[in-house]
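Presented below is the structure to which this report refers.
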Amino acid sequence: MRAVIQRVSTANVTIDGKIKSQINAGLMILIGIEDADSTEDVEWLSTKIINLRIFNDENGVMNISVKDVAGDILLISQFTLHASTKKGNRPSYLRASKPEIAIPLYEKMIAQLEDDFGKTIYTGEFGADMKVELVNDGPVTIIIDTKNKE
1 MRAVIQRVST
11 ANVTIDGKIK
21 SQINAGLMIL
31 IGIEDADSTE
41 DVEWLSTKII
51 NLRIFNDENG
61 VMNISVKDVA
71 GDILLISQFT
81 LHASTKKGNR
91 PSYLRASKPE
101 IAIPLYEKMI
111 AQLEDDFGKT
121 IYTGEFGADM
131 KVELVNDGPV
141 TIIIDTKNKE
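For the sequence shown, this note's numbering begins at 1 and goes up steadily by one.
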């Protein structure tokens, strides 16, 4: 799984001209799923996201988590995170899972985040043409790949 995590002051996702989900301060996360991903990846990534200390404490130091600030999370599926650009100029998406694999893992990720976070996770719609707007706070953007746990 690959996740692009952005600390936001506000974010929303629109589908067919209607706002599907909207958050204030918190995390807007784009998530890409590949066939090699498993429930273990879901559990590890959820724990990492919930406990990631990228919000400022009283001294202005990034030292507290989204859970500590009672923020929100907007989770958006994005298969293009697994694009390969090695050959030519047209990206290949062979590593991105097909819906029959990706949807169950995406739904597990939502459920795992809700369990770990103790709050509703706001989402887009898997496979939909979505318009995502956000105000990146900082800016702070973190990329995590469960296959490369640095």
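Glycine is no exception: its CB is placed at the ideal position from the N, C-alpha and C atoms.
State the start and end residues of the unbroken alpha helix (DSSP H) segment that holds Glu40.
-> It spans Thr39 to Asn51 - the alpha helix (DSSP H) in which Glu40 sits, taken as one unbroken run.
Taking just the CA atoms, how far does Lys147 sit from Leu75?
-> Roughly 20 Å separates the two Cα atoms.
How is the beta strand (DSSP E) around Gln112 delimited, first residue to last?
-> Per DSSP, Gln112 belongs to no beta strand (DSSP E); it is in the alpha helix (DSSP H), Pro99 to Phe117.
Report the rounded CA-to-CA distance for Trp44 versus Leu94, giving the unit in angstroms.
-> CA-CA distance, Trp44 to Leu94, rounds to 24 Å.
Determine the direct distance from the alpha carbon of Met62 to that of Ser97, and round the result to whole angstroms.
-> Here the alpha carbons of Met62 and Ser97 stand approximately 34 Å from one another.
If we call anything under 8 Å between Cβ atoms a contact, is Asp137 one with Arg7?
-> The answer is yes: Cβ separation under 8 Å.
Starting from Asn136, follow the beta strand (DSSP E) in both directions and report where the run begins and ends.
-> In the DSSP assignment, Asn136 falls within the unbroken beta strand (DSSP E) covering Met130 to Asp145.
Look up Phe79 in the DSSP assignment and say whether it is helix, strand or coil.
-> Look at Phe79 here: in three-state DSSP terms it is helix.
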